[in-house]
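Asks: The working numbering applies: residue 27 is where the sequence shown begins, and numbers increase by one. I have a structure here, written as structure tokens, and I will follow up with some questions on it.
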Amino acid sequence: MRSHASLPWLSLLPLAFACAAPPPADVPSHLAGDSPLVPQFHRAAADADLPADVLAAWSWMETRFSAPLWDGDHAHGPPAHGVMGLTDSQLARAAALLGEDAAALQDGELASMRAAAALIRAAADGHGFLEGHLTAGSAPRAWIEALAYAREIPGEGMRFEYQRMLAGLLGDGVTGTDAAGRTVRLTGRGRIALTARSVVVGAVNPEDPYSAQFTASPHYTTGRGGSAVDTVIVHTVQGSYAGCISWFQNASSQVSSHYVIRSSDGEITQMVSLADTGWHAGNWGYNERSVGIEHEGYVADPGRWYTEAMYTRSAQLVTWLADHFGFAKDRTHIIGHYQVPTSGNGAPCGETATNCGGSGRHTDPGNGGTGWDWNHYMALVTGGATSSSSGGTSSSGGTTTGARLVGVTYDASQGTTVRVAGATVKLFSGSTELATVTASSTGFWAFDVTVNTTYTVRATALGFQEGSRDATPTATGDTWASLGLSPAAAATTGTLRGVVYAGANPGELPVDGALVTLTSGQSYTTGGDGSFIFELPAGQVTATATKAGYQDGTRTTTVVVGQTVWGSIPLVPLTTQQPPPTPQPLAPLGGAVVAADAVVLSFTRVTDGQGAAVQYDVEVYAGDYVGGAAPERTLAVPQGSASPISAAVAGLADGNHAWRVRAGSANGQSEWSAVALFTVGGAPDGGASSSSGGSSSSSGGSSASGGATGGSSGTAGGSSSSSSGGDGYSATRLGCGAAGVGSGVPWTAVGLAALGAWRRRRRA
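Put into structure tokens, the structure is as follows:
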């Protein structure tokens, strides 16, 4: 297993990204499409050992696979760069990890992906997920948590909400397009469950019937300065939903709005109380008299961001605000940011204004045409068709009459301010289940219902007992029915978790449908992510994983009460046929001088992983070996039991020679070893050396296992390739025609000096 704990691998990333190839075509992937971004995502993800769809999900969330198109308006959020939408602070962190200049990471799509991949990798390593190491084959839930930390989402509540968004995206999948209209497709992984958790929040609920949560911004002024609220100002974030919420909570931003709305489904977060003044208009008089609503996306790219779900939910909110404050539903009172006068508190600028937009002369959200569709939006506000979705926190329980059953789930042992996020809340009419929703990061949930009907609401969450209550809405609007959940009894068991994966290295492809059986008799069948879970009493337990076509795998683990311990299990496919590793020359090499009657070639003994008999092919060349030359001698050497293997060669003429060796079995042939050099007869330059290779060039700490644990050999000119050991990158993998990089150094300084002397002798 490769360890990333101290991040030394990051120093190799510039070379690895420059030369690495995409993963093999036979490796299943959750990312496809005809966009050139797809192989770049695969390349950047493979070299950071993370799933390509996770890396692509970052891009979709932040930019919809298209680099941000700026109009010079940055006040709604921090400037974002590249196809990953990285902020200046993220670029600075990535540059430090990669040892590069931050400006260089803005140059090109792959550079942007490399930066994001480094941030995700560092977050995964820093939080110790999955026994301290995540790989591209690890279950997606841990990667979702790592990405949320890499993205620097502030606060436990918003971070959980971000994870919920990612779980939906990776679980359901999405198809998008790059800037040229070519397809990027994330294939859904199926439902990804997130653990419910308690989140301490202020006792603030959304003030309208439509918001999913209240996430407070510190940037506001108490009260309205005596002004009556008579205006809604429509904004565009110039960035992502989560990025905007984070920016409004950032102490240095000095900006806020009352609401932020998500593009994909219209989810709404309230951030400033309606009784207080938000800092959004760039005109203080308009701040005091208005409600600001930010919409996820970019002004210059409306087709990707201005969705019907966002229009609909925004219009519902604006309709409610107009009724709540008592102002007209028209374009004098519902305006775009571009219509705010640069100063003064007079009438708003016209619908086609181009020289207003507050003190910053903002242009959001656009004034029609290919921008914000004002005609459609106002039709929805004034009575056009609307839908009944609320971003996963509201669901229909019957014919909608404007009534909702709403509430929060909270920890009954600690009071209503300690919310249980992620609880599963179900709506029943009698014994019939009508709808199910997931409580938001503040425990909020909502159902659309009919009046004068009695409902039962039930909530469940891991670590809590089920809670339920009955409620009968009697009027339109919200009827509150919050649920207090009592903690489950003190733990008497621990949790054993793990992933069944195929192959010899942890984190390879998860195995679906593997049966995991414990010595206690309990069993579990894995799903598509290969994961299993047991609740067990404390003590040692052995788990055995079985599936047709694989060798059985076992793992013994000690379970601790109240804790989760990991015990992942590898299954090696029975059909896997791996050739033996490459044997390594031992002597003579490095230009050693040997007698004509004592030429004995010695090389490491290797074994076949499946137990098949091994035969060695040895080739000896006259003069300096060059690719394509016919060998002077060929030998077939049986495996034998001695180590190392030796083969005598007779009849070689005086002069310079080269040799190499490879191993073969019924499962295939290894790569040829590096070419070794020796001289038969006298030493023309007087630099005789022993046949044991006194001035030999060792092949980077090669081992009998062909470099699996010790780093592999390179070649004199990059003409032969081999696998790298440890965390190294081989010449073959990097495709650079050079010696491998990593713990195996192909030629020592002594070996290189000997090689130079040998070539000088030959030229003489």
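For glycine and all other residues, C-beta sits at the position ideal for the given N, C-alpha and C. Keep in mind it's a predicted model, so treat the numbers as computed, not measured.
Would a C-beta distance cut-off of 8 Å place THR572 and ALA540 closer than the cut-off?
Replies: In this structure, ALA540 lies closer than 8 Å to THR572 by Cβ.
Asks: Are the beta-carbon atoms belonging to VAL260 and ILE319 less than 8 Å from one another?
Replies: Yes, these two residues count as a Cβ contact at 8 Å.
Asks: With DSSP as the reference, please indicate the residues paired to TRP685 in a beta bridge.
Replies: Answer is VAL646, ALA702, bridged to TRP685.
Asks: Contact between the region 564-582 and the region 538-553: three or more CB pairs below 8 Å?
Replies: Flag = yes, the region 564-582 and the region 538-553 touch.
Asks: In whole angstroms, what is the alpha-carbon distance linking SER195 and SER85?
Replies: The question names Ser, but residue 195 is Leu in the sequence shown. Distance between the alpha carbons of LEU195 and SER85 is about 12 Å.
Asks: Determine the direct distance from the alpha carbon of ALA193 to that of LEU597, and round the result to whole angstroms.
Replies: Their backbone Cα atoms lie some 27 Å apart in a straight line.
Asks: Jot down the residue ranges of each uninterrupted beta strand (DSSP E) in the region 435-496, minimum 3 residues, whole runs only, in chain order.
Replies: The region 435-496 contains these whole beta strand (DSSP E) runs: 444-447, 450-455, 458-464, 470-475, 481-486.
Asks: Tell me the rounded alpha-carbon separation between ASP256 and GLU334.
Replies: About 26 Å.
Asks: On a CA-only basis, which of PHE473, ARG315, SER61 is nearest GLY370? Give me that one, please.
Replies: Closest by alpha carbon: ARG315.
Asks: Going by beta carbon distance, what residues of the same chain come within less than 8 Å of GLN296, once the five residues before and after it are set aside?
Replies: Excluding positions up to five away in sequence, the list reads PRO232, GLU233, ASP234, SER237, GLN239, PHE240, THR241, HIS284, TYR285.
Asks: DSSP three-state call for HIS261: helix, strand or coil?
Replies: Residue state, collapsed to three classes: strand.
Asks: If I follow the unbroken beta strand (DSSP E) through LEU797, where does it start and stop?
Replies: The shown model of the chain, from 27 to 790, leaves out residue 797, and the question about it has no answer.
Asks: Distance check for ILE360 and GLY520, CA to CA, integer angstroms please.
Replies: Distance between the alpha carbons of GLY520 and ILE360 is about 56 Å.
Asks: Measure how close the beta-carbons of ALA129 and ALA71 come, nearest whole angstrom, since I'm counting them as under 8 Å.
Replies: ALA129 to ALA71, Cβ: 23 Å. No contact.
Asks: When burial is assigned at 16 or more other CB atoms within 10 Å of the CB, is VAL64 buried or exposed?
Replies: Buried is the call here.
Asks: Tell me the DSSP bridge mates of ALA429?
Replies: DSSP, once it has assigned bridges, lists VAL475, GLY503 as partnering ALA429.
Asks: Let me know the secondary structure DSSP gives LEU406 once reduced to three states.
Replies: Here LEU406 sits in helix by DSSP.
Asks: Look up PRO513 in the DSSP assignment and say whether it is helix, strand or coil.
Replies: Note: PRO513 maps to strand in three-state DSSP.
Asks: List the whole-angstrom C-beta distance separating GLY183 from VAL227, where the pair is believed to meet the contact cut-off of C-beta under 8 Å.
Replies: Sure, about 6 Å apart at Cβ, within 8 Å.
Asks: Does the Cβ of SER557 have 16 or more other Cβ atoms within 10 Å, making it buried, or fewer, making it exposed?
Replies: Buried.
Asks: How about ALA106 and GLY265: do their beta carbons lie closer than 8 Å?
Replies: Cβ atoms of ALA106 and GLY265: closer than 8 Å.
Asks: Against chain B, does PRO374 count as a neighbour if the rule is that its beta carbon must be under 8 Å from one of theirs?
Replies: No chain B appears in the structure shown, which is made up of a single protein chain.
Asks: Is TRP398 closer than 8 Å to GLY362 when the C-beta atoms are compared?
Replies: Taking 8 Å as the Cβ cut-off, GLY362 and TRP398 qualify as a contacting pair.
Asks: Let me confirm a value: HIS306 is counted as buried when at least 16 other C-beta atoms fall within 10 Å, else exposed. Which label applies?
Replies: HIS306 should be labelled buried.
Asks: Tell me which residue opens and which closes the alpha helix (DSSP H) that ILE361 is part of.
Replies: Per DSSP, ILE361 belongs to no alpha helix (DSSP H); it is in the beta strand (DSSP E), 360-362.
Asks: Excluding the 5 residues flanking VAL477 on each side, which residues of the same chain have their C-beta closer than 8 Å to its C-beta?
Replies: Closer than 8 Å at the Cβ level, and outside the excluded window around VAL477, lie THR427, ALA429, PRO499, THR500, ALA501, THR502.
Asks: Does the distance from the CB of ASP327 to the CB of SER494 come in under 8 Å?
Replies: No. Outside cutoff.
Asks: Nearest to SER672 by CA position, among ASP680, VAL663, ALA679, is which residue?
Replies: Closest by alpha carbon: VAL663.
Asks: For the region 667-686 against the region 627-644, do three or more pairs of beta-carbon atoms, one drawn from each stretch, fall closer than 8 Å, so that the two count as touching?
Replies: Result yes; three or more Cβ-Cβ pairs closer than 8 Å.
Asks: Express the C-alpha separation of VAL225 and SER115 in angstroms, rounding to a whole number.
Replies: In a straight line, the C-alpha of SER115 is about 27 Å away from that of VAL225.
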